[in-house]
Amino acid sequence: MTSFDRFSVDQALAQVVRRYCQHRLKLAFSGGLDSTVLLSGLAAQRQQHDFELIALHVNHGWTDSAVGWEAHCRAFCQSLGVPFVSVHFGDQRTVTLNREEVARRRRLRWFCSQLEQGDILLTAHHRDDQAETILYRLLRGAGVRGLGAMAVETRLGKARVVRPLIDLSRDEIAAYAAARGLSFIEDPSNQDTGLDRNYIRHTVMPLLEQRWPGATTTLARAAGHLRQAQSLLAEVGSEDLARCGRPVVGNVFKVLGSLGIPQLRDFSKARQANLLRHWIMGADLLLPSKAALEELLRQLAVTGPDTAAALCWGAAEIRQYRDLLYLLPPQALQASPIGRSWDPSEDALVPETGVRVHARTRMGQGLKLSMLEEKALELRWVRGQATIRPGPGRSRRSVKNLLQEAAVPPWERWRLPLVYHHGQLVCVPGVAIAAELWTGSDEPGLEILVTDLAC
């Protein structure tokens, strides 16, 4: 190993420490070559810098050796004076085609659970990993964002992921470990070419390097170009969102965003798709499939006054109402709760509709307290031909018309309770108060609120 190579590793780690030493650094530590070099090198940096370093280890339970590997990692951390936190996911020895992906998702979920605001999660991915990731995603049909592979820094929940070794090769890292006499775990499953990533690493990449020397570096460079392209697409998406984004009006429950459909239709199909992806990712949601987005765009192109576009996937839903497209959390299936009496001193939890009904006293707001009788309130959901006189001097109106005028979307209407007092409709929360119980500006009132039960 040349002094330049050693300097490359040390320089990369020193740069990370200088930039993030004010944060708590948590390192994904498997005990393998790459993470051992990363942990050892960072621990050495504490001689020059004062920072908090914690090792996170996942025991997938894939082999009988997993317990010994965890013990090795714990002992290595103790020798460095680094706190060690581990999790055991149980016996997962059965090899399936998607085992790698399942394991990756479980790791990410656990890492997220260990991260707090401002934390930095360090991973030991390097340039060879980058090249393998590009090929793997290319063969899975990834787009520009996916083919950009792994950036030096990305966001993970309320923390950030940093990859200090991403510009270094596997050979450089191995030489660094040899020079320092580091011991590390060699997992036999890493040689199993029945697993996709291993097949790319041991079979495909050597052939590419033999035919095109430097292919690994070239692929990593291509990923950089694609990240630049994705950055440009994100800029365009931000500009288009500023043009198409609309304030949420009329909604009672949680909405993640809304877009103006006429403005969206002004764009080309490619630009529409880019905006939708940018909009969805901006809400920290997993993207729907390309086919699903294309189906949504097809619906938008042909919707008229009597039709509405809609898209549901695991993470969320997109629904159309009038000239707006709404991004929503997954919606509950419509139900018909049984009416119930309600004491406004206590919250009413209605799991059938996923709502919480509660009340608070406010001057000049809500139902006139002086005319309310204790234990005379009732919550109902059956509308029928329900009517109410919404305020002094106004004529009696149907609840249906009032909800339409207030622009409450159809998927929210069935969730809204109607509040009755002695059998008379007196309140549609957030929409109407009956004239008979209207509160004057200088009178105390009972304001009735409805919120998502999950919030």
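Residue numbers are given in my numbering: position 381 of the sequence shown equals residue 384, and the series is strictly consecutive.
A virtual CB, placed ideally from N, CA and C, is assigned to each residue, including glycine.
Only a predicted model underlies this, so the values are computations on that prediction, with no experimental measurement involved.
Continuous beta strand (DSSP E) stretch holding residue i: start and end
{"i": "residue 427", "result": "427-431"}
{"i": "residue 414", "result": "Per DSSP, residue 414 belongs to no beta strand (DSSP E); it is in the alpha helix (DSSP H), 413-416."}
{"i": "residue 52", "result": "Looking at the DSSP string, residue 52 is not in any beta strand (DSSP E), and its letter there is neither H nor E."}
{"i": "residue 424", "result": "421-424"}
{"i": "residue 407", "result": "Premise fails: residue 407 lies in the alpha helix (DSSP H), 402-408, not in any beta strand (DSSP E)."}
{"i": "residue 330", "result": "327-331"}
{"i": "residue 359", "result": "358-366"}
{"i": "residue 90", "result": "87-91"}
{"i": "residue 158", "result": "156-159"}
{"i": "residue 322", "result": "319-324"}
Residue of the options minimising C-alpha distance to residue i
{"i": "residue 51", "options": "214, 138, 21", "result": "21"}
{"i": "residue 222", "options": "140, 298, 369", "result": "140"}
{"i": "residue 434", "options": "427, 425, 184, 452", "result": "452"}
{"i": "residue 357", "options": "343, 67, 338, 105", "result": "338"}
{"i": "residue 248", "options": "208, 302, 266", "result": "266"}
{"i": "residue 385", "options": "421, 174, 413", "result": "421"}
{"i": "residue 224", "options": "312, 184, 150", "result": "150"}
{"i": "residue 60", "options": "35, 326, 82", "result": "35"}
N-terminal and C-terminal residue of the alpha helix (DSSP H) that residue i is part of
{"i": "residue 278", "result": "272-285"}
{"i": "residue 349", "result": "Residue 349 -> no alpha helix (DSSP H), and no H or E assigned at all."}
{"i": "residue 260", "result": "Careful: residue 260 lies outside any alpha helix (DSSP H), inside the beta strand (DSSP E) at 260-263."}
{"i": "residue 176", "result": "173-183"}
{"i": "residue 464", "result": "The structure shown does not extend to residue 464, since the chain is modelled only from 4 to 458, so the question has no answer here."}
{"i": "residue 72", "result": "69-83"}
{"i": "residue 213", "result": "208-214"}
{"i": "residue 168", "result": "Per DSSP, residue 168 belongs to no alpha helix (DSSP H) and is neither H nor E."}
{"i": "residue 448", "result": "Not the alpha helix (DSSP H): residue 448 falls in the beta strand (DSSP E), residues 447-455."}
{"i": "residue 135", "result": "130-142"}
{"i": "residue 293", "result": "293-305"}
{"i": "residue 200", "result": "199-202"}
{"i": "residue 397", "result": "Element bounds for residue 397: n/a, residue is neither H nor E."}
{"i": "residue 148", "result": "147-150"}
Exposure of residue i, with buried meaning 16 or more beta-carbon neighbours within 10 Å
{"i": "residue 100", "result": "Note that residue 100 scores a pLDDT of 48, beneath 50, so its modelled location is shaky; the value from the coordinates is reported in the next line. Label assigned to residue 100: exposed."}
{"i": "residue 215", "result": "exposed"}
{"i": "residue 98", "result": "Model confidence at residue 98 stands at a pLDDT of 48, short of 50, so the residue's coordinates are unreliable; what they give is reported in the following sentence. That one is exposed."}
{"i": "residue 182", "result": "exposed"}
{"i": "residue 39", "result": "buried"}
{"i": "residue 206", "result": "exposed"}
{"i": "residue 128", "result": "buried"}
{"i": "residue 418", "result": "buried"}
{"i": "residue 11", "result": "buried"}
{"i": "residue 33", "result": "buried"}
{"i": "residue 130", "result": "buried"}
{"i": "residue 365", "result": "exposed"}
{"i": "residue 6", "result": "With a pLDDT of 36 at residue 6, under the threshold of 50, the modelled position of that residue is not reliable, and the figure given next carries that caveat. Residue 6 comes out exposed."}
{"i": "residue 404", "result": "exposed"}
{"i": "residue 43", "result": "buried"}
{"i": "residue 188", "result": "buried"}
{"i": "residue 341", "result": "exposed"}
{"i": "residue 415", "result": "buried"}
{"i": "residue 120", "result": "exposed"}
{"i": "residue 442", "result": "buried"}
{"i": "residue 23", "result": "buried"}
{"i": "residue 165", "result": "buried"}
{"i": "residue 273", "result": "exposed"}
Pair within 9 Å by beta-carbon distance, residue i and residue j
{"i": "residue 283", "j": "residue 319", "result": "yes"}
{"i": "residue 126", "j": "residue 152", "result": "no"}
{"i": "residue 260", "j": "residue 329", "result": "yes"}
{"i": "residue 157", "j": "residue 163", "result": "yes"}
{"i": "residue 390", "j": "residue 400", "result": "yes"}
{"i": "residue 37", "j": "residue 176", "result": "yes"}
{"i": "residue 380", "j": "residue 346", "result": "yes"}
{"i": "residue 77", "j": "residue 68", "result": "no"}
{"i": "residue 29", "j": "residue 171", "result": "no"}
{"i": "residue 72", "j": "residue 190", "result": "yes"}
{"i": "residue 411", "j": "residue 253", "result": "yes"}
{"i": "residue 19", "j": "residue 57", "result": "no"}
{"i": "residue 394", "j": "residue 445", "result": "no"}
{"i": "residue 285", "j": "residue 244", "result": "yes"}
{"i": "residue 62", "j": "residue 87", "result": "no"}
{"i": "residue 303", "j": "residue 295", "result": "no"}
{"i": "residue 371", "j": "residue 299", "result": "no"}
Beta-carbon separation (whole angstroms), residue i vs residue j, contact threshold 8 Å
{"i": "residue 168", "j": "residue 47", "result": "Contact flag wrong, Cβ pair sits at about 15 Å."}
{"i": "residue 332", "j": "residue 314", "result": "Going by Cβ atoms, the distance from residue 332 to residue 314 rounds to 14 Å, so no, they are not a contact pair."}
{"i": "residue 369", "j": "residue 436", "result": "7 Å"}
{"i": "residue 134", "j": "residue 66", "result": "At roughly 27 Å, the Cβ-Cβ gap does not stay under 8 Å, so residue 134 and residue 66 are not in contact."}
{"i": "residue 456", "j": "residue 352", "result": "6 Å"}
{"i": "residue 262", "j": "residue 327", "result": "7 Å"}
Test: residue i CB closer than 9 Å to a CB of chain C
{"i": "residue 363", "result": "Reference to chain C is not applicable here, since this structure consists of a single protein chain."}
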